[in-house]
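Colleague: Protein sequences, first through last, are from chains W and L. The first sequence lines up with residues 217 to 369 when you count with the working numbering. The second sequence lines up with residues 217 to 369 when you count with the working numbering.
There are 2 protein chains.
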Amino acid sequence: MNRPLAIDPIFDTDFMREMLRQMRALDSYGMHDGKPIDIQLAPFVLSKEARAAIPLLGDPDQRTLSRVKAFYNAIAVLIEKECGLMAVPLVHLSHEGFGRVLITVGKLVALDRALRDVHRFGFESFSKMKTEADKQLSVALELVGRHADVAGL
Amino acid sequence: MNRPLAIDPIFDTDFMREMLRQMRALDSYGMHDGKPIDIQLAPFVLSKEARAAIPLLGDPDQRTLSRVKAFYNAIAVLIEKECGLMAVPLVHLSHEGFGRVLITVGKLVALDRALRDVHRFGFESFSKMKTEADKQLSVALELVGRHADVAGL
Chain W
217 MNRPLAIDPI
227 FDTDFMREML
237 RQMRALDSYG
247 MHDGKPIDIQ
257 LAPFVLSKEA
267 RAAIPLLGDP
277 DQRTLSRVKA
287 FYNAIAVLIE
297 KECGLMAVPL
307 VHLSHEGFGR
317 VLITVGKLVA
327 LDRALRDVHR
337 FGFESFSKMK
347 TEADKQLSVA
357 LELVGRHADV
367 AGL
Chain L
217 MNRPLAIDPI
227 FDTDFMREML
237 RQMRALDSYG
247 MHDGKPIDIQ
257 LAPFVLSKEA
267 RAAIPLLGDP
277 DQRTLSRVKA
287 FYNAIAVLIE
297 KECGLMAVPL
307 VHLSHEGFGR
317 VLITVGKLVA
327 LDRALRDVHR
337 FGFESFSKMK
347 TEADKQLSVA
357 LELVGRHADV
367 AGL
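1. So, helix, strand or coil for residue 332(L), using DSSP?
2. Take residue 274(L) and list the residues in its own chain whose beta-carbon comes closer than 8 angstroms to its own, dropping the five residues that flank it on each side.
3. Buried or exposed for residue 361(L), please, with buried defined as at least 16 other CB atoms from any protein chain shown within 10 angstroms of its CB.
4. Rounded to whole angstroms, how far is the Cβ of residue 295(W) from the Cβ of residue 325(W), which I believe are closer than 8 angstroms?
5. Can you pull the chain W neighbours of residue 366(L), defined as C-beta to C-beta under 7 angstroms?
6. Looking at residue 284(W): is its Cβ nearer than 8 angstroms to the Cβ of residue 231(W)?
7. Have a look at 250(W), 286(W), 347(W) and flag the residue whose alpha-carbon is nearest the alpha-carbon of residue 305(W).
8. Which full runs of the beta strand (DSSP E) of 3+ residues lie inside the stretch 265-293 of chain W, going along the chain?
9. Given that a residue counts as buried once 16 or more other Cβ atoms are within 10 Å of its Cβ, and exposed if not, what is residue 290(W)?
10. For residue 316(L) and chain W, any beta-carbon pair shorter than 8 angstroms?
11. Any beta carbon of chain L sitting closer than 8 angstroms to that of residue 306(W)?
12. Could you tell me the distance, in whole angstroms, from the CA atom of residue 344(W) to the CA atom of residue 254(W)?
13. So residue 359(W) contacts chain L; which residues on that side make the cut at Cβ distance below 7 angstroms?
14. If you follow the beta strand (DSSP E) that residue 314(W) is in, where does it begin and where does it stop?
15. How would you call residue 271(W), buried or exposed, if buried means at least 16 neighbouring beta carbons within 10 angstroms?
16. Compile a chain-ordered list of the residues in the stretch 253-281 of chain W whose CB is closer than 7 angstroms to at least one CB of chain L.
17. Do you know how far the Cα of residue 314(W) is from the Cα of residue 329(L)?
18. Between residue 320(L) and chain W, is any beta-carbon pair separated by less than 8 angstroms?
19. Report the residue from 365(W), 359(W), 292(W) whose alpha carbon sits nearest the alpha carbon of residue 238(W).
20. Spatial neighbours of residue 299(W) within its chain, please: CB distance less than 8 angstroms, with the 5 preceding and 5 following residues excluded, ordered by chain position.
21. What's the call for residue 276(W), buried or exposed, on a 16-neighbour Cβ count within 10 Å?
22. Determine the direct distance from the alpha carbon of residue 243(L) to that of residue 227(L), and round the result to whole angstroms.
23. Alpha carbons only, please: which of 281(L), 225(L), 369(L), 288(L) is nearest the one belonging to residue 351(L)?
24. Taking the continuous beta strand (DSSP E) assigned at residue 304(L), which residues delimit it?
25. Could you pull out every residue in the same chain whose Cβ sits closer than 8 angstroms to the Cβ of residue 218(L), ignoring the five residues on either side in sequence?
26. Under 8 angstroms between the Cβ atoms of residue 327(W) and residue 318(W)?
27. Pick out whichever of 355(L), 331(L), 341(L) has its Cα sitting closest to the Cα of residue 323(W).
28. Can you name the start and end residues of the alpha helix (DSSP H) that residue 247(W) belongs to?
29. Could you compute how far the alpha carbon of residue 225(W) sits from the alpha carbon of residue 340(W)?
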C-alpha cells in the first residue's frame with residue numbers, strides 16, 4: 217500500500233467519514249482495512265457510461281443493496297447527530313430495483329424517497345454524492361425542526 | 217358448496233369486508249371465488265396450539281407474508297377512508313420473521329410496529345383479529361387527527 221492517503225478535503229467532512237464507518241461495518245473480515253478512504257468508497261462513484269452498462273435485470277445484488285443502505289444509514293446518523301433524536305432508516309426494495317426508503321424520527325417521516333433502478337445506484341463523483349446527501353439532510357432537518365413535536369413522539 | 221354463507225355479523229363490518237377484498241386481490245386465479253367469507257379468511261385464525269406448532273425456521277413463506285400485508289393494507293385502507301388522506305403501508309421483513317411495519321400518512325407515521333415470529337402470524341378468532349385491527353386503527357386515527365398538519369404534508 218504505497219499509495220498516499222487521500223487528501224481531498226471532502227473526505228474530512230462528517231458525511232464522508234460516516235460513509236467510511238458504514239462501509240467498514242459491512243467489511244466483516246477487514247478485507248479493506250488500511251486502504252485509503254477514496255479506495256474504500258470507490259464503488260459509490262459510477263460514470264454515466266458505467267451506470268448505463270449495468271443491466272436492469274432481476275433484483276439488484278446484495279452488495280449494491282448494502283451500498284444503498286450505507287448511504288441512507290449515514291444520512292440517518294447525521295440527522296441524529298444534528299437533532300439529538302433517534303433517526304431510523306428503512307430501505308425497502310419491492311421488486312427488480314424498485315423500492316422506497318424512509319427515515320423516521322419519532323412519528324415524523326423526515327425522509328421519504330422512491331427508489332428505482334437500484335442496480336445502478338451510484339454518483340458521478342464524490343462531490344456529487346456529498347451534495348446529494350447534504351441536500352437530503354437539510355430537507356430532513358428542516359422538517360424535524362418545523363415539526364419538533366411529532367419528531368419527539 | 218352447500219354450506220350456507222357466513223352470517224356472523226362481524227363479517228358485515230368495514231374491516232372484515234376490506235380483509236376479504238385484500239384476500240381476493242391476492243387470489244389471481246379466482247380459486248376461492250364464491251367461497252364463504254369465513255372460509256376465505258380462515259387462514260388468519262390460528263389457535264395457540266396451531267401457532268406453537270409452526271416452526272420458526274428461516275424466512276416465513278410468501279403466503280404468510282401476504283397475509284401480514286393484507287392485514288396492514290386493510291388497516292391502511294380504513295385509515296384512508298376515515299381521514300380522506302392517502303395512507304401508505306410498508307411491511308418490511310429484515311430476517312427470519314423479524315421486521316417492521318409502517319403506515320405513513322403524509323409525513324406522519326400513523327402506525328409503526330415491530331414484527332416478530334411472522335411465521336406464526338394469526339389470531340385466536342375473527343373477533344380478536346377485528347379487535348386488534350380496531351385498536352390499531354383508532355390509535356392511528358387519533359395521531360392523524362392530532363397532527364393533521366404533518367399528515368397533510
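Beta carbons: idealized from backbone N, C-alpha and C, even for Gly.
Modeller: Taking the coordinates as given:
1. coil
2. 312
3. exposed
4. The pair is not a contact, with the Cβ atoms about 12 angstroms apart (cut-off 8 angstroms).
5. 324, 363, 366
6. no
7. 286(W)
8. none
9. buried
10. yes
11. yes
12. 14 angstroms
13. 323
14. 314-321
15. exposed
16. none
17. 23 angstroms
18. yes
19. 292(W)
20. 321, 357, 360, 361, 367
21. buried
22. 19 angstroms
23. 288(L)
24. 303-311
25. Any reading at residue 218(L) must be qualified, since the residue scores a pLDDT of 49, below 50, and its modelled position is unreliable; the value itself is stated next. Taken in chain order, the list of residues that qualify is empty.
26. yes
27. 355(L)
28. No alpha helix (DSSP H) contains residue 247(W), which DSSP labels as neither H nor E.
29. 18 angstroms
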